[in-house]
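If you read the sequence shown in this note's numbering, its first letter stands for residue 76, the second for the next number, and so on.
C-beta: ideal position from N, C-alpha, C; glycine also.
This one's a predicted model, so the numbers in the text were calculated from it and none came from an experiment.
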Amino acid sequence: MLLASWNINSVRIRLEILNSWIKKRNPEIFFLQEIKCETINFPYDFFKKLGYESYVCGQKGRNGVAIIVKKNIIEKEDIINIDNLNIDGQARFIEYYSKKLGIYFCNIYAPNGNPLSNHEKFNFKIKWYDSLKEYLSKYIKKEKKIIIAGDFNVLENERDVKDFDNWSEDALGKLIIRKKFRKILGLGFTNIVRQYYEPGKIFSFWDYQKAAWQRNYGLLIDHILCSPNLLESIISFGSDHEMRGKERPSDHIPIWMEFN
């Protein structure tokens with residue numbers, strides 16, 4: 076079974092690239108972030124024709140997350156939750172519980188927090204991370220199986236960007252945010268990318284500006300985290316690097332994990 080996560084940066088203008096990627100990768104479940112549309116305007120029919128159901132928490136013009144699930148996985152008892160962590164009306168969280176798999180799937184789009192001069196934005200990011208940790212801790216205490224993935228907007232390791240000194244005072248590299256992310260890992264989660272790649276060997280985001288893609292000036296800010304009771308089921312992890320080089324691409328690439 077394959078799970079993927081992709082900050083798609085406006086879903087309705089990426090349908091062509093999504094179509095080619097889905098046909099190539101054929102994921103059972105995938106998460107999208109920054110869909111940038113209201114829930115009612117999500118392209119449900121596009122995914123339905125490809126054999127998927129879509130669960131969406133949208134917001135007009137910004138943010139927004141969706142979980143896309145193959146129809147043969149879905150059961151009536153499955154649960155969708157969009158009521159937690161969407162603080163101040165910002166659509167940044169959606170959760171899907173699969174009875175068939177016995178797993179909670181959480182898709183998140185963490186606040187960026189920039190510019191630091193805007194204290195309200197950065198403080199909101201801190202508040203949001205604290206809320207995420209509190210929410211996830213309840214699952215860990217109950218030994219639930221949980222996968223959380225998405226755009227965390229954090230540089231966990233200094234080598235997750237080529238020149239960290241230029242990012243240490245950015246909202247992605249600020250020490251307090253890196254510590255917040257590590258506290259989530261400290262609950263018992265494993266960051267799956269670290270099981271397969273050394274820091275600095277993989278990136279997930281290249282800005283549209285300053286020829287970042289052409290210079291391979293990337294950042295690793297997208298992650299898949301798993302609870303301890305799922306680790307033995309992990310088969311592989313990877314990313315689809317070539318999607319960043321497509322016509323009209325997202326500035327992120329899909330990351331994925333195969334598991335039993």
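- Secondary structure note for residue 105: its beta strand (DSSP E) is the uninterrupted segment 104-108.
- In the DSSP assignment, residue 206 falls within the alpha helix (DSSP H) that extends over 194-216.
- If you look at residue 101, you'll find it isn't in any beta strand (DSSP E); DSSP assigns it neither H nor E.
- In the assembly as shown, residue 283 is an exposed residue. Its beta-carbon has fewer than 16 other beta-carbons within 10 Å.
- For the region 269-302, there is no continuous alpha helix (DSSP H) assignment of 4+ residues that stays within its boundaries.
- Just so you know, the alpha carbons of residue 132 and residue 229 end up roughly 22 Å apart.
- Annotation for residue 78: the continuous beta strand (DSSP E) segment containing it runs 77-82.
- Between the region 134-145 and the region 166-184, the count of Cβ pairs shorter than 8 Å is three or higher; the stretches touch.
- In the three-state reduction of the DSSP assignment, residue 242 falls in the coil class.
- The beta-carbon separation of residue 327 and residue 226, rounded to 7 Å, stays under the 8 Å limit for a contact.
- Annotation for residue 180: the continuous beta strand (DSSP E) segment containing it runs 178-184.
- In terms of Cα proximity to residue 187, the closest of 240, 130, 216, 252 is 252.
- The C-beta separation of residue 81 from residue 325 comes to about 7 Å, placing the pair in contact by the 8 Å criterion.
- At least 8 Å separates the beta-carbon of residue 295 from that of residue 224.
- Counting the other CB atoms within 10 Å of its CB gives residue 164 a total below 16, which places it among the exposed residues.
- Counting along the chain, no beta strand (DSSP E) covers residue 120; the unbroken alpha helix (DSSP H) around it starts and ends at 119-124.
- In this structure, 178 is the residue among 93, 178, 166, 98 with its C-alpha nearest to the C-alpha of residue 305.
- The Cβ atoms of residue 208 and residue 125 lie no closer than 8 Å to each other.
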